[in-house]
Ligand code: PMP
Ligand code: GLN
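In the numbering used here, the protein residues as written are 1039 to 1427.
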């Protein structure tokens, strides 16, 4: 048989699937793969159910239903003061993953360089490589995840076609500051690069940290697209409804990829998400407050066990240093050990790095779980580590 595609054949099964399977086999509490254990608002789900029964159920417009495009445009204006035309500047996709694929397919020509910040979300590298891009990595290290200007300058060149930025950032929990964003914008402007911004955790930030879209920085509006996802904002990860916002020209180019990839997304889900996006401020405040109290509870409990935790200003992930609990193996070995022996699953952070020299002593916990689930996980970890002393 002829060989299948080299790029994809070179990647194993995604770490999310591998660790979730291991967690299931060991009946472990799964704090590895990121998904909430409580479904999002009932009124949004009821609206989707009504749409499924009453229709429309046939192909919606390729760019997305007008209801959702208008709601995404309103949301851009309401939260960030971004003014866009729903008819031309918004594209609905089947999840942020499809949005990322469409942007990369549409913008990259083989041989173009793409600046990627590590640790990076699992689909970035395969999609960049499959599109023929050449990755240039900028490594961020725990526990503070600082963006090094020197490393950034070294990664950019006039061959840079685009920067792929994820803020708030998975798996780090970092929310890029205005100073860091300004530096990234300066580099994009200097090298005439596009920016594809994965902002799926835009509404999950803590304390004083606030999400600022790179698109709002001077000169960036026409060269940046921002990607959102109903999966994260409404705790409905299985729905896979995403949306891209950008200038008419860029969104038009990206739609060329979308029309040949999925073409459309279920209309009932789109219209239910449109309803959700218009929810009042209380909904968005509650989302932040509830995630922040989960983070505080879980971080304190991890610290109580002896883990040192990395900074976490957004997303629903927190990273912990395994050396602090006396483990001198790798993060992968540690995850296998706690899944099989403590009954708790986490993810090795090294799985999110592709370049040489990455840390191998941090693990990522997902904390968007019910409090009793987090409490049980902590009990199991306490028992395991106390038993080991
Ligand atoms: N980007 C990041 C950073 C994510 O964490 C996720 C979550 N799975 C996605 C993209 C994919 O989002 P979706 O499920 O909407 O495709
Ligand atoms: N985004 C989720 C995470 O980072 C999982 C997504 C997936 O399983 N592909 O854990």
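Quick reminder that beta carbons are idealized off the backbone N, C-alpha and C, glycines included.
Note that the structure is predicted; figures quoted are calculated from it, not measured.
DSSP three-state assignment for residue 1226, whether helix, strand or coil: Taking the first residue of the chain shown as 1, we reach residue 1226 at position 188. DSSP places residue 1226 in helix when its eight states are reduced to three.
Would a C-beta distance cut-off of 8 Å place residue 1385 and residue 1053 closer than the cut-off? Numbered from 1 along the chain shown, position 347 holds the residue referred to as residue 1385. Numbered from 1 along the chain shown, position 15 holds the residue referred to as residue 1053. A contact, by the Cβ cut-off of 8 Å.
Between the C-alpha atoms of residue 1213 and residue 1243, what's the straight-line distance to the nearest angstrom? Here residue 1213 refers to the residue found at position 175 when the chain shown is read from its first residue. Here residue 1243 refers to the residue found at position 205 when the chain shown is read from its first residue. The straight-line gap from Cα to Cα measures roughly 7 Å.
Can you say whether residue 1222 is buried or exposed, counting buried as having 16 or more other CB atoms within 10 angstroms of its CB? Taking the chain shown and counting its residues from 1, one reaches residue 1222 at position 184. Buried is the call here.
Is residue 1406 near ligand 2 - that is, is its Cβ less than 7 Å away from at least one heavy atom of it? The residue you call residue 1406 lines up with position 368 of the chain shown. No; taking the cut-off as 7 Å, the Cβ of residue 1406 has no heavy atom of ligand 2 nearer than that.
Selection from 1180, 1145, 1136 and 1176 that minimises the alpha carbon distance to residue 1161: Counting from 1 along the chain shown, the entry for residue 1161 is found at position 123. Looking at the Cα atoms, 1136 is the closest of the given residues.
Please tell me whether, using a cut-off of 7 Å, the distance from the CB of residue 1208 to the nearest non-hydrogen atom of ligand 2 is below it. If you number the chain shown from 1, residue 1208 lands on position 170. Correct: residue 1208 has its Cβ closer than 7 Å to ligand 2.
Rounded separation between residue 1311 and residue 1299 - CA only: Working through the chain shown from its first residue, we reach residue 1311 at position 273. Working through the chain shown from its first residue, we reach residue 1299 at position 261. If you take the alpha carbons of residue 1311 and residue 1299, they lie about 21 Å apart.
Can residue 1266 be considered in contact with ligand 3, in the sense that its beta carbon sits closer than 7 Å to one or more heavy atoms? Ligands in the displayed structure: ligand 1 and ligand 2; ligand 3 is not one of them.
Could you compute how far the alpha carbon of residue 1188 sits from the alpha carbon of residue 1206? Within the chain shown, the letter at position 150 stands for residue 1188. Within the chain shown, the letter at position 168 stands for residue 1206. One C-alpha to the other measures close to 22 Å.
What is the residue span of the beta strand (DSSP E) that residue 1163 lies within? Indexing the chain shown from 1 puts residue 1163 at position 125. No beta strand (DSSP E) contains residue 1163, which is instead part of the alpha helix (DSSP H) from 1162–1168.
What are the boundary residues of the alpha helix (DSSP H) that includes residue 1380? Locating residue 1380 in the chain shown gives position 342, where the first residue counts as 1. According to the DSSP assignment, residue 1380 belongs to no alpha helix (DSSP H), since it is labelled neither H nor E.
Could you pull the start and end residues of the alpha helix (DSSP H) that residue 1309 belongs to? Sequence index remark: in the chain shown, residue 1309 carries index 271 (1-based). If you look at residue 1309, you'll find it in the alpha helix (DSSP H) that goes 1305–1315.
Sorry if obvious, but does the Cβ on residue 1054 come closer than 7 Å to a heavy atom of ligand 2? As a working note, residue 1054 is residue 16 in the chain shown. Residue 1054: yes, Cβ under 7 Å from ligand 2.
Through-space distance from residue 1092 to residue 1177, alpha-carbon basis: What you label residue 1177 is simply residue 139 of the chain shown in a count that begins at 1. What you label residue 1092 is simply residue 54 of the chain shown in a count that begins at 1. Their Cα atoms are separated by approximately 50 Å.
In its own chain, which residues sit with a C-beta less than 6 Å from the C-beta of residue 1395, not counting the 5 before and 5 after it? Position 357 of the chain shown, counted from the start, is the residue given in the question as residue 1395. No residues qualify anywhere along the chain.
Could you give the distance in angstroms between the alpha-carbon of residue 1201 and the alpha-carbon of residue 1249? The residue you call residue 1201 lines up with position 163 of the chain shown. The residue you call residue 1249 lines up with position 211 of the chain shown. Rounded to whole angstroms, residue 1201 to residue 1249 spans 18 Å at the Cα level.
Under three-state DSSP, which class holds residue 1118? In the chain shown, residue 1118 corresponds to position 80, counting from 1. Correct three-state label for residue 1118: helix.
N- and C-terminal bounds of the beta strand (DSSP E) containing residue 1403: Indexing the chain shown from 1 puts residue 1403 at position 365. 1400–1404 is the extent of the beta strand (DSSP E) around residue 1403.
Out of 1273, 1121 and 1361, state which residue places its alpha-carbon closest to the alpha-carbon of residue 1428. For the chain, the structure presents residues 1039 to 1427; residue 1428 sits outside this window and is missing.
For residue 1271, count neighbouring Cβ atoms within 10 angstroms of its own Cβ and tell me buried if that reaches 16, exposed if not. The sequence position of residue 1271 within the chain shown is 233, counting from 1. Residue burial annotation: residue 1271 is buried, with at least 16 other C-beta atoms found within 10 angstroms of its C-beta.
If you reduce the DSSP assignment to three classes, tell me which class residue 1350 lands in. Taking the chain shown and counting its residues from 1, the one referred to as residue 1350 is at position 312. Looking at residue 1350 - three-state DSSP - the assignment turns out to be coil, as it is neither helix nor strand.
Any idea if residue 1333 is buried or exposed, counting beta-carbon neighbours within 10 angstroms, 16 or more meaning buried? In the chain shown, residue 1333 corresponds to position 295, counting from 1. With 16 or more other Cβ atoms within 10 Å, it is buried.
Collapsed DSSP secondary structure at residue 1215 in the structure displayed: The count along the chain shown starts at 1 and reaches residue 1215 at position 177. Taken through DSSP and simplified to helix, strand or coil, residue 1215 comes out as coil.
What residue range is occupied by the uninterrupted beta strand (DSSP E) comprising residue 1128? Counted from its first residue, the chain shown places residue 1128 at position 90. Looking at the DSSP string, the run of the beta strand (DSSP E) that includes residue 1128 is 1128–1131.
Near residue 1431, what residues of its chain come up, given a Cβ to Cβ distance below 7 Å and the 5 sequence neighbours on each side ignored? With the chain covering 1039 to 1427 only, the question about residue 1431 has no answer from this structure.
Is DSSP giving residue 1416 helix, strand or coil here? In the chain shown, the residue the question calls residue 1416 occupies position 378. In the three-state reduction of the DSSP assignment, residue 1416 falls in the helix class, which pools H, G and I.
Once DSSP output is grouped into helix, strand and coil, what is the label at residue 1193? Looking up residue 1193 in the chain shown gives position 155. Of the three classes helix, strand and coil, the one that applies to residue 1193 here is helix, per DSSP.
Kindly indicate the opening and closing residues of the alpha helix (DSSP H) around residue 1155. Within the chain shown, numbered from 1, the residue matching residue 1155 stands at position 117. Element bounds for residue 1155: not the alpha helix (DSSP H) but the beta strand (DSSP E), 1151–1156.
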